[in-house]
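Engineer:
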Amino acid sequence: MLTLGSAKVLGRLHAPVVARALAAAPEASCLIASRFEQVGMDRTALGGQFWGVAGGRDGLVFDGANLMPLTGDAASMRVLADATGRRGRRCASILGPSDLVLPLWQSLEPRWGAAREVRARQPLLACTAPPAVDPDPFVRQAVLTDLEAYYPAAVAMFTEEVGVDPRWPDGGAAYRSRLAGLIGAGRSFARFEDGRVVFKAEIGAISHRAALIQGVWVAPDRRGSGLAAPGVAALVRHIRTLGRVPTLYVNDFNTAARATYRRIGFEQVGTFASVLF
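For the sequence shown, the positions run 0 to 276 when numbering that gives the first Met the number 0 is used.
1. Distance check for ALA131 and MET0, CA to CA, integer angstroms please.
2. GLN213 and LEU234 - do their beta-carbons sit closer together than 8 Å?
3. Specify the secondary structure class of ASP62 as computed by DSSP and reduced to three states.
4. With DSSP collapsed to three states, give me the class of GLY183.
5. Within 8 Å of any Cβ in chain B, is that where the Cβ of GLY264 sits?
6. Relative to the C-alpha of VAL268, which candidate in PHE61, ARG88 and SER97 has its C-alpha closest?
7. Can you find the residues in the same chain that come closer than 7 Å, C-beta to C-beta, to PHE157, ignoring five residues on each side of it along the sequence?
8. Could you say which of ALA82, LEU9 and PHE252 lies nearest to LEU107 if we only look at CA atoms?
9. With DSSP run on the structure shown, which of helix, strand or coil describes LEU1?
10. Grab me the residues of LEU178's own chain with a C-beta within less than 8 Å of its C-beta, minus the 5 sequence neighbours each way, in chain order.
11. Going by C-alpha to C-alpha distance, which of GLY39, GLY87 and ARG77 sits closest to LEU12?
12. Check each candidate in ALA32, GLY194, ARG110 and SER206 and name the one with the smallest Cα separation from THR144.
13. What does DSSP give as the partner residue(s) for PRO129 in the beta ladder?
14. In chain order, what residues of the same chain have a beta carbon less than 7 Å from the beta carbon of VAL142, not counting five sequence neighbours either side?
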């Protein structure tokens, strides 16, 4: 019976192993690949570090603001949990393929204590063809002068989706700065009516091969009026002009959103899980 070795922090010499792992699953790894492709193994610029078993060949996780398993199996997740769990929890969530996240969390929970919520099944979707729904012509890229109107919509979306207020603990300064960065990068999209946002979504990450849509939100008083599908279709069209595959993940219990994405042309390519703290 083979025994896995210990997990170690990977350095610059392991960059080819990391690159191959990310390239093998472009939809699932977009969030990390988008950073790695720009800064390589620079831990400061990455905002975290890679841990690997057998130099990353038998198991790989990214340890940053979120703990994200990338490759391996249940056995390697136990080894990686032992290594990353020693210093106590620092991440806001564990996120990634469900067949890696759940065994990783099973080993970490006795050390870290209960999570606030575990979302065990989140279909990972990709749209590889032009959107089957006409894009909303009134959805546009937000600009920095839109920030004051965009900010309350983003706060409402985050609070509703994640279950915590993103303005804590600094009154929203860090979250506002993050939104300004997304807007400045041309990755925030919205439909404005009478000076307020009625639909919004963002490109949370963009790698050489994929782009991750996140933060999809419709104002409560406009839900059911047909804004969501054309709005997301506008992002799909934009992402495809960049030569990337549009991706997103959705809670399995959100049947309305899943139906909307299906209408647009998204198909399931994997299953994510999230452990929220």
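Glycine included, C-beta positions come from ideal geometry on N, C-alpha and C.
Structural biologist: For this structure:
1. For MET0, the predicted model reports a pLDDT of 38, less than 50, meaning its position is unreliable; a value from the coordinates is still stated below. Whole-angstrom Cα-Cα distance: 51 Å.
2. no
3. strand
4. helix
5. Going by chain labels, chain B is absent from the structure shown, which holds only one protein chain.
6. SER97
7. PRO165
8. ALA82
9. For LEU1, the predicted model reports a pLDDT of 46, less than 50, meaning its position is unreliable; a value from the coordinates is still stated below. In this structure, LEU1 counts as coil in the three-state DSSP scheme.
10. LEU146, TYR149, TYR150, ALA153 and SER187
11. GLY39
12. GLY194
13. According to DSSP, PRO129 bridges with nothing at all.
14. ILE182
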